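Trainee: Residue numbers (this note's numbering), protein chains in the order written: chain A, 624 to 935; chain B, 624 to 935; chain C, 624 to 935. We treat Cβ as the ideally placed atom computed from N, Cα and C, and that holds for glycine. This one's a predicted model, so the numbers in the text were calculated from it and none came from an experiment.
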Amino acid sequence: MTNEFYHSDIISIKDLSRTHFDQIFAATDRIMELSPERRRNLCRGRVLGSLFYEPSTRTRLSFDAAIASMGGSSLGISDVSSSSIHKGESLADTVRMMSIYSDVLVLRHALDGSSRFASEVSSKSVINAGSGTEEHPTQAIQDLYTLRREKGRIDGLKIGIIGDLKYGRTVYSLLYGLGNYDVDVRLISPESLRIRSDSVYEIKKRLDFSESTDISEHIDELDVLYVTRIQKERFPDVEEYIKVKGSYVVGLDLLGQMKKDAIIMHPLPRVDEISSDVDDTPHARYFKQAEYGMYARAALLNLILNQDVRPG
Amino acid sequence: MTNEFYHSDIISIKDLSRTHFDQIFAATDRIMELSPERRRNLCRGRVLGSLFYEPSTRTRLSFDAAIASMGGSSLGISDVSSSSIHKGESLADTVRMMSIYSDVLVLRHALDGSSRFASEVSSKSVINAGSGTEEHPTQAIQDLYTLRREKGRIDGLKIGIIGDLKYGRTVYSLLYGLGNYDVDVRLISPESLRIRSDSVYEIKKRLDFSESTDISEHIDELDVLYVTRIQKERFPDVEEYIKVKGSYVVGLDLLGQMKKDAIIMHPLPRVDEISSDVDDTPHARYFKQAEYGMYARAALLNLILNQDVRPG
Amino acid sequence: MTNEFYHSDIISIKDLSRTHFDQIFAATDRIMELSPERRRNLCRGRVLGSLFYEPSTRTRLSFDAAIASMGGSSLGISDVSSSSIHKGESLADTVRMMSIYSDVLVLRHALDGSSRFASEVSSKSVINAGSGTEEHPTQAIQDLYTLRREKGRIDGLKIGIIGDLKYGRTVYSLLYGLGNYDVDVRLISPESLRIRSDSVYEIKKRLDFSESTDISEHIDELDVLYVTRIQKERFPDVEEYIKVKGSYVVGLDLLGQMKKDAIIMHPLPRVDEISSDVDDTPHARYFKQAEYGMYARAALLNLILNQDVRPG
Numbered sequence: 624m625t626n627e628f629y630h631s632d633i634i635s636i637k638d639l640s641r642t643h644f645d646q647i648f649a650a651t652d653r654i655m656e657l658s659p660e661r662r663r664n665l666c667r668g669r670v671l672g673s674l675f676y677e678p679s680t681r682t683r684l685s686f687d688a689a690i691a692s693m694g695g696s697s698l699g700i701s702d703v704s705s706s707s708i709h710k711g712e713s714l715a716d717t718v719r720m721m722s723i724y725s726d727v728l729v730l731r732h733a734l735d736g737s738s739r740f741a742s743e744v745s746s747k748s749v750i751n752a753g754s755g756t757e758e759h760p761t762q763a764i765q766d767l768y769t770l771r772r773e774k775g776r777i778d779g780l781k782i783g784i785i786g787d788l789k790y791g792r793t794v795y796s797l798l799y800g801l802g803n804y805d806v807d808v809r810l811i812s813p814e815s816l817r818i819r820s821d822s823v824y825e826i827k828k829r830l831d832f833s834e835s836t837d838i839s840e841h842i843d844e845l846d847v848l849y850v851t852r853i854q855k856e857r858f859p860d861v862e863e864y865i866k867v868k869g870s871y872v873v874g875l876d877l878l879g880q881m882k883k884d885a886i887i888m889h890p891l892p893r894v895d896e897i898s899s900d901v902d903d904t905p906h907a908r909y910f911k912q913a914e915y916g917m918y919a920r921a922a923l924l925n926l927i928l929n930q931d932v933r934p935g
Numbered sequence: 624m625t626n627e628f629y630h631s632d633i634i635s636i637k638d639l640s641r642t643h644f645d646q647i648f649a650a651t652d653r654i655m656e657l658s659p660e661r662r663r664n665l666c667r668g669r670v671l672g673s674l675f676y677e678p679s680t681r682t683r684l685s686f687d688a689a690i691a692s693m694g695g696s697s698l699g700i701s702d703v704s705s706s707s708i709h710k711g712e713s714l715a716d717t718v719r720m721m722s723i724y725s726d727v728l729v730l731r732h733a734l735d736g737s738s739r740f741a742s743e744v745s746s747k748s749v750i751n752a753g754s755g756t757e758e759h760p761t762q763a764i765q766d767l768y769t770l771r772r773e774k775g776r777i778d779g780l781k782i783g784i785i786g787d788l789k790y791g792r793t794v795y796s797l798l799y800g801l802g803n804y805d806v807d808v809r810l811i812s813p814e815s816l817r818i819r820s821d822s823v824y825e826i827k828k829r830l831d832f833s834e835s836t837d838i839s840e841h842i843d844e845l846d847v848l849y850v851t852r853i854q855k856e857r858f859p860d861v862e863e864y865i866k867v868k869g870s871y872v873v874g875l876d877l878l879g880q881m882k883k884d885a886i887i888m889h890p891l892p893r894v895d896e897i898s899s900d901v902d903d904t905p906h907a908r909y910f911k912q913a914e915y916g917m918y919a920r921a922a923l924l925n926l927i928l929n930q931d932v933r934p935g
Numbered sequence: 624m625t626n627e628f629y630h631s632d633i634i635s636i637k638d639l640s641r642t643h644f645d646q647i648f649a650a651t652d653r654i655m656e657l658s659p660e661r662r663r664n665l666c667r668g669r670v671l672g673s674l675f676y677e678p679s680t681r682t683r684l685s686f687d688a689a690i691a692s693m694g695g696s697s698l699g700i701s702d703v704s705s706s707s708i709h710k711g712e713s714l715a716d717t718v719r720m721m722s723i724y725s726d727v728l729v730l731r732h733a734l735d736g737s738s739r740f741a742s743e744v745s746s747k748s749v750i751n752a753g754s755g756t757e758e759h760p761t762q763a764i765q766d767l768y769t770l771r772r773e774k775g776r777i778d779g780l781k782i783g784i785i786g787d788l789k790y791g792r793t794v795y796s797l798l799y800g801l802g803n804y805d806v807d808v809r810l811i812s813p814e815s816l817r818i819r820s821d822s823v824y825e826i827k828k829r830l831d832f833s834e835s836t837d838i839s840e841h842i843d844e845l846d847v848l849y850v851t852r853i854q855k856e857r858f859p860d861v862e863e864y865i866k867v868k869g870s871y872v873v874g875l876d877l878l879g880q881m882k883k884d885a886i887i888m889h890p891l892p893r894v895d896e897i898s899s900d901v902d903d904t905p906h907a908r909y910f911k912q913a914e915y916g917m918y919a920r921a922a923l924l925n926l927i928l929n930q931d932v933r934p935g
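In structure tokens:
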């Protein structure tokens with residue numbers, strides 16, 4: 624089987640089909656089955672170059688850990704404020720430079736289209752680690768893999784997504800990804816944090832979903848509850864933050880209304896959206912989800928860097 | 624001999640017995656005897672995850688160098704201000720995340736008990752790289768190893784500890800560590816920088832020490848003079864800093880009064896406490912001490928990460 | 624042939640002779656010819672320690688990428704503001720510490736003579752990554768290698784150097800380096816940004832050059848046009864910056880007047896000095912130059928760290 628990810632870019636979740644996901648899932652399974660000793664030979668001496676124009680501890684560390692577990696190393700700019708970008712260098716030039724210094728590029732940038740643009744000027748593969756308002760493809764891959772692994776399938780699942788659905792690219796990428804499957808999606812949020820109307824049309828083409836403000840209508844039917852953080856910094860008005868904060872907290876009382884085998888997911892970091900006593904219940908999967916994210920990224924890096932992905 | 628450090632945590636210097644120290648000293652001796660080629664196979668592909676909630680260049684670099692010398696790598700958060708912690712994530716969640724991304728965790732945190740707490744939520748071993756007011760166990764191990772190596776023994780030594788004994792966890796950890804040995808300790812400091820009264824009782828249970836403000840009473844008897852920095856940032860009042868600053872400077876005149884084979888130690892960084900002309904005398908051991916610190920940390924990491932600590 | 628760079632320091636471009644350059648060029652050629660698999664064995668387990676007292680994304684990443692491509696790793700302080708240096712530690716002590724933690728040191732510092740001083744207190748080799756007003760030897764090596772590789776020779780070249788010739792150490796190091804060859808150098812800058820008069824005498828001893836403000840006098844004769852950035856932050860007066868900014872922009876119109884095989888170089892980062900449509904012309908060599916820089920640094924590190932520079 625040829626590896627069609629070899630030397631390719633991962634720019635948008637919309638570029639990936641169900642077949643692509645199957646390939647990445649299988650590669651992730653294989654990576655997790657390897658012993659650490661064998662895993663660390665997969666990308667020996669390979670260099671991951673990261674360019675984070677927006678701060679991101681978690682995604683950056685997940686990539687760093689992924690390449691390190693395969694014997695490679697990482698370098699880059701994790702913080703624009705201490706870099707040459709201050710000197711007025713263009714994104715194109717910075718990307719060109721970084722593609723000299725590394726074997727694969729990981730880019731986070733505030734602008735839509737930044738990763739696509741970077742892939743056009745880079746001599747090495749580019750992975751989008753978050754761009755603009757909608758794209759965070761490796762997060763969506765991590766989420767889909769968690770669904771498949773923890774529920775055995777994606778088709779047929781009833782999935783509630785709750786919290787801030789307006790700001791935060793994670794939800795949009797997840798919805799586009801879920802568009803490849805036959806799922807029943809319920810979006811639950813305060814009115815002011817509903818999914819953006821300009822995205823609804825595009826998502827509706829791929830996926831049916833309902834919208835509501837009240838989780839109690841859905842809670843007993845869900846196979847999966849995907850909780851997102853309500854980020855204070857995204858609100859133009861603090862008053863509004865205070866109003867909605869806490870109205871969507873997942874606690875033991877809510878869990879009591881769920882199916883026995885329903886799972887709780889969260890992209891992390893979590894603040895108060897899930898109370899800590901949920902962590903020890905069998906429903907909690909958010910730390911598993913983070914672990915799968917590291918292995919899914921490792922699988923992706925391996926597919927991109929090596930035509931033959933088996934350890935040497 | 625079984626390796627009882629395998630998969631264990633290093634939380635408090637008080638948890639370590641004389642037997643533990645002997646094991647770590649022996650492991651440090653062995654690490655230093657290895658050729659670089661053999662040393663770099665000890666932890667190939669292993670990942671050290673560091674979480675520094677307080678800035679620490681030196682301890683962080685010492686750990687980074689230790690794991691790198693054994694073929695491993697490190698990742699983490701060296702500076703809270705550019706991390707997700709800003710987004711309100713709890714210490715527990717950050718530790719859980721980091722324990723996914725790494726094989727062993729190194730934590731520095733302002734709060735007493737933070738490392739103990741971290742070890743309870745972490746799925747990987749935790750090493751305390753400084754917490755609260757008293758605990759810095761790897762610094763104490765480094766200091767004890769330096770004593771044993773440079774003086775041939777710890778029992779029977781006359782040790783003066785001078786400078787700021789109130790602020791700074793290094794002195795407390797050293798005193799608790801010395802409590803396992805038969806030593807004669809003289810604490811020398813300005814009145815306002817005496818060891819904290821609430822710690823005196825606890826330390827007295829393990830160790831006899833005298834307190835004075837005048838080094839001249841002790842200088843000709845000491846085998847070891849351990850000098851500490853007087854940190855401006857620890858003083859609530861600048862006036863008081865100016866008053867004591869410089870009154871405890873170790874120079875050639877003081878060295879002239881010491882035993883021929885007495886040694887000077889310092890945890891570094893040094894500011895003015897030891898004048899630079901001391902560096903070239905045979906008494907100076909503070910850079911040796913830093914070197915031993917790197918090897919002692921390497922030995923500890925090797926003991927924690929590998930049941931069998933010999934190079935593969 | 625003995626490797627005279629083994630365990631040596633790279634402090635000043637003035638210390639290097641034509642023979643030295645030939646050795647470094649040959650080593651760079653060899654590094655580039657190696658397969659990645661063989662290259663990554665050259666410095667396995669070696670640690671590069673970097674101390675950047677001035678921010679430098681590009682030079683730091685170039686060194687990090689160089690050592691990573693040879694299987695080594697790097698650690699250090701890329702940003703003084705988050706380091707122990709705040710606590711008042713001297714440069715000598717910081718260098719001594721870093722020479723414990725690493726196999727080779729890379730230092731950038733604002734002061735003339737800082738690298739020379741560092742090499743005197745360091746137990747490991749020191750490479751100057753930029754110091755004071757004139758010294759940036761690895762940049763000059765990168766530039767000379769680019770000339771030799773892209774033009775086949777250095778002797779006999781007509782080289783125009785345009786832009787800010789007063790501030791920025793790159794131009795001075797390049798001129799001292801070119802002093803070893805038989806070249807025809809034309810310096811082109813606004814009056815206020817001419818090369819510093821106190822350096823002219825020293826450079827004139829090694830190299831003949833002309834000075835002018837108008838590129839049109841030279842453009843059709845040049846084999847090489849070396850463009851430098853006009854750095855806003857170097858100007859004491861903003862007015863003066865606005866006056867000269869843009870008056871030395873290299874665009875397609877200027878290229879049309881150049882020799883068919885003339886090349887454009889730039890140390891990067893670029894702001895507006897070269898318009899982006901030049902990038903796709905066969906004249907542009909600035910990204911090649913950055914790539915050569917990484918390999919030249921790798922060659923230098925290999926020469927310094929290994930008596931026998933062939934892969935094991």
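(1) So what's serine 933 of chain C in DSSP terms, helix, strand or just coil?
(2) Is the stretch 666-675 of chain A close to the stretch 895-915 of chain A, with three or more CB pairs under 8 Å?
(3) For glutamate 965 of chain B, does the count of other Cβ atoms within 10 angstroms reach 16, so buried, or fall short, so exposed?
(4) Beta-carbon of aspartate 687 of chain A versus every beta-carbon of chain D: anything under 9 Å?
(5) When the Cα atoms are used, what is the spatial distance from aspartate 638 of chain C to aspartate 632 of chain C?
(6) Is the beta carbon of phenylalanine 832 of chain C less than 9 Å from the beta carbon of valine 808 of chain C?
(7) Would you mind telling me which residues of chain C sit closer than 8 Å to phenylalanine 910 of chain B, beta carbon to beta carbon, in chain order?
(8) Which residues does DSSP list as the beta-bridge partners of phenylalanine 675 of chain A?
(9) Put lysine 781 of chain C into one of helix, strand or coil per three-state DSSP.
(10) Using a Cβ cut-off of 9 Å (strictly closer), state whether tyrosine 879 of chain A contacts chain C.
(11) So, with DSSP's three-state summary, where would you put glycine 916 of chain A?
(12) I'd like to know if glutamate 896 of chain A contacts chain C, where contact means its C-beta is closer than 9 Å to some C-beta of that chain.
(13) Would you report the Cα separation of phenylalanine 648 of chain A and alanine 885 of chain C, rounded to the nearest angstrom?
(14) On the DSSP letters alone, give me the boundaries of the alpha helix (DSSP H) that arginine 792 of chain B sits inside.
(15) Is the stretch 649-662 of chain A close to the stretch 779-789 of chain A, with three or more CB pairs under 8 Å?
(16) Per DSSP, what kind of secondary structure is isoleucine 634 of chain C in: helix, strand or coil?
(17) For proline 859 of chain B, count neighbouring C-beta atoms within 10 Å of its own C-beta (all shown protein chains included) and say buried if the count is 16 or more, exposed if not.
(18) Sorted by chain position, which residues of the same chain lie with C-beta nearer than 7 Å to alanine 913 of chain A's C-beta, five sequence neighbours on each side aside?
(19) Quick check: what's the CA-CA separation for arginine 661 of chain B versus leucine 875 of chain B?
(20) Rounded to a whole number of angstroms, what is the C-alpha to C-alpha distance between aspartate 778 of chain B and leucine 728 of chain B?
(21) Could you tell me if leucine 734 of chain C is buried or exposed, where buried requires 16 or more neighbouring beta carbons within 10 angstroms of its beta carbon?
(22) Is glutamine 854 of chain C near tyrosine 790 of chain C, with beta carbons less than 9 Å apart?
(23) Assign isoleucine 865 of chain C to one of two classes, buried (16 or more other C-beta atoms within 10 Å of its C-beta) or exposed (fewer than that).
(24) Report the neighbours of arginine 663 of chain A on chain B: residues whose CB is nearer than 8 Å to its CB, in chain order.
(25) With DSSP as the reference, please indicate the residues paired to serine 697 of chain C in a beta bridge.
(26) In chain A, which residues lie less than 8 Å from serine 692 of chain C when you measure between Cβ atoms?
(27) Would you please state the rounded distance, in angstroms, between the beta carbons of glycine 753 of chain A and glutamate 677 of chain A? I believe it to be under 8 Å.
(28) Against aspartate 716 of chain B, what residues of chain A qualify as contacts under a CB-to-CB distance less than 8 Å, listed in chain order?
(29) Does the separation of the CB atoms of valine 718 of chain C and serine 745 of chain C fall below 9 Å?
(30) Using a Cβ-Cβ cutoff of less than 6 Å, which residues in the same chain neighbour aspartate 843 of chain B once the five nearest sequence positions on both sides are dropped?
(31) So with Cβ pairs under 9 Å, would you call alanine 919 of chain B a contact of chain C?
(32) Counting only Cβ pairs nearer than 7 Å, list the residues of chain A close to isoleucine 696 of chain B.
(33) Measure the C-alpha to C-alpha separation of histidine 889 of chain C and valine 850 of chain C and round it to an integer number of angstroms.
Mentor: Based on what the coordinates show:
(1) Mapped onto the third sequence, residue 933 of chain C falls at position 310. The sequence as given places arginine at residue 933 of chain C; serine does not occur at that position. Of the three classes helix, strand and coil, the one that applies to arginine 933 of chain C here is coil, per DSSP.
(2) no
(3) In this structure chain B extends from 624 to 935, so residue 965 of chain B is not present and cannot be described.
(4) Note that chain D does not occur in the displayed structure, where the protein chains are A, B and C.
(5) Locating residue 638 of chain C in the third sequence gives position 15, counting from the first residue. Locating residue 632 of chain C in the third sequence gives position 9, counting from the first residue. Going by the C-alpha atoms only, they are around 10 Å apart.
(6) Here residue 832 of chain C corresponds to residue number 209 of the third sequence, with the count starting at 1. Here residue 808 of chain C corresponds to residue number 185 of the third sequence, with the count starting at 1. Yes; because the gap between Cβ atoms is below 9 Å, this pair is in contact.
(7) Start at 1 with the first residue of the second sequence, and residue 910 of chain B comes out as number 287. Within chain C, the residues near phenylalanine 910 of chain B are Arg719, Met720, Ile723.
(8) Taking the first sequence and counting its residues from 1, one reaches residue 675 of chain A at position 52. Assignment of beta-bridge partners to phenylalanine 675 of chain A by DSSP yields A:Arg731.
(9) By 1-based counting over the third sequence, the position of residue 781 of chain C is 158. Three-state DSSP puts lysine 781 of chain C in a strand.
(10) Here residue 879 of chain A refers to the residue found at position 256 of the first sequence. The displayed chain sequence assigns glycine, not tyrosine, to residue 879 of chain A. Judged by the 9 Å Cβ criterion, glycine 879 of chain A is not in contact with chain C.
(11) Position 293 of the first sequence, counted from the start, is the residue given in the question as residue 916 of chain A. Of the three classes helix, strand and coil, the one that applies to glycine 916 of chain A here is helix, per DSSP.
(12) To locate residue 896 of chain A, count along the first sequence from 1; it is residue 273. No, glutamate 896 of chain A lies away from the interface with chain C (no Cβ there is under 9 Å from its Cβ).
(13) Reading the first sequence from its first residue, position 25 is the one you call residue 648 of chain A. Reading the third sequence from its first residue, position 262 is the one you call residue 885 of chain C. Taking the straight line from one Cα to the other gives about 51 Å.
(14) The sequence position of residue 792 of chain B within the second sequence is 169, counting from 1. Segment 792-801, the alpha helix (DSSP H) holding arginine 792 of chain B.
(15) no
(16) Within the third sequence, residue 634 of chain C is the residue found at index 11, counting from 1. Three-state result, isoleucine 634 of chain C: coil.
(17) The sequence position of residue 859 of chain B within the second sequence is 236, counting from 1. Flag for proline 859 of chain B reads exposed.
(18) The residue labelled residue 913 of chain A in the question sits at position 290 within the first sequence. Leaving aside the five residues that flank alanine 913 of chain A on each side, the residues in its chain whose CB is nearer than 7 Å to its CB run, in chain order, Leu891.
(19) The residue given as residue 661 of chain B occupies position 38 in the second sequence. The residue given as residue 875 of chain B occupies position 252 in the second sequence. Cα to Cα, arginine 661 of chain B sits roughly 41 Å from leucine 875 of chain B.
(20) On the second sequence, residue 778 of chain B is found 155 positions in, with the first residue counted as 1. On the second sequence, residue 728 of chain B is found 105 positions in, with the first residue counted as 1. In a straight line, the C-alpha of aspartate 778 of chain B is about 33 Å away from that of leucine 728 of chain B.
(21) Counting from 1 along the third sequence, the entry for residue 734 of chain C is found at position 111. Classification of leucine 734 of chain C: exposed, given that the 10 Å Cβ count is below 16.
(22) By 1-based counting over the third sequence, the position of residue 854 of chain C is 231. By 1-based counting over the third sequence, the position of residue 790 of chain C is 167. A contact, by the Cβ cut-off of 9 Å.
(23) Within the third sequence, the letter at position 242 stands for residue 865 of chain C. By the 10 Å Cβ count, isoleucine 865 of chain C comes out exposed.
(24) Counted from its first residue, the first sequence places residue 663 of chain A at position 40. Here the neighbours are Arg667, Gly668.
(25) Start at 1 with the first residue of the third sequence, and residue 697 of chain C comes out as number 74. Serine 697 of chain C is bridged to C:Leu671.
(26) Taking the third sequence and counting its residues from 1, one reaches residue 692 of chain C at position 69. Near serine 692 of chain C (Cβ distances below 8 Å), the residues of chain A are Gly668, Val670.
(27) Numbered from 1 along the first sequence, position 130 holds the residue referred to as residue 753 of chain A. Numbered from 1 along the first sequence, position 54 holds the residue referred to as residue 677 of chain A. Going by Cβ atoms, the distance from glycine 753 of chain A to glutamate 677 of chain A rounds to 7 Å, so yes, they are a contact pair.
(28) Position 93 of the second sequence holds residue 716 of chain B. Result: Leu891, Pro892, Arg893.
(29) Locating residue 718 of chain C in the third sequence gives position 95, where the first residue counts as 1. Locating residue 745 of chain C in the third sequence gives position 122, where the first residue counts as 1. The answer is yes: Cβ separation under 9 Å.
(30) Position 220 of the second sequence, counting from 1, holds the residue named residue 843 of chain B. Contacts found: Gln880.
(31) Counted from its first residue, the second sequence places residue 919 of chain B at position 296. So, not an interface residue.
(32) The count along the second sequence starts at 1 and reaches residue 696 of chain B at position 73. For clarity, residue 696 of chain B is serine in the given sequence; the question names isoleucine instead. Ordered by position in chain A, the residues that pass the 7 Å Cβ test against serine 696 of chain B are Ala691, Ser696.
(33) On the third sequence, position 266 is the one that residue 889 of chain C refers to. On the third sequence, position 227 is the one that residue 850 of chain C refers to. If you take the alpha carbons of histidine 889 of chain C and valine 850 of chain C, they lie about 5 Å apart.
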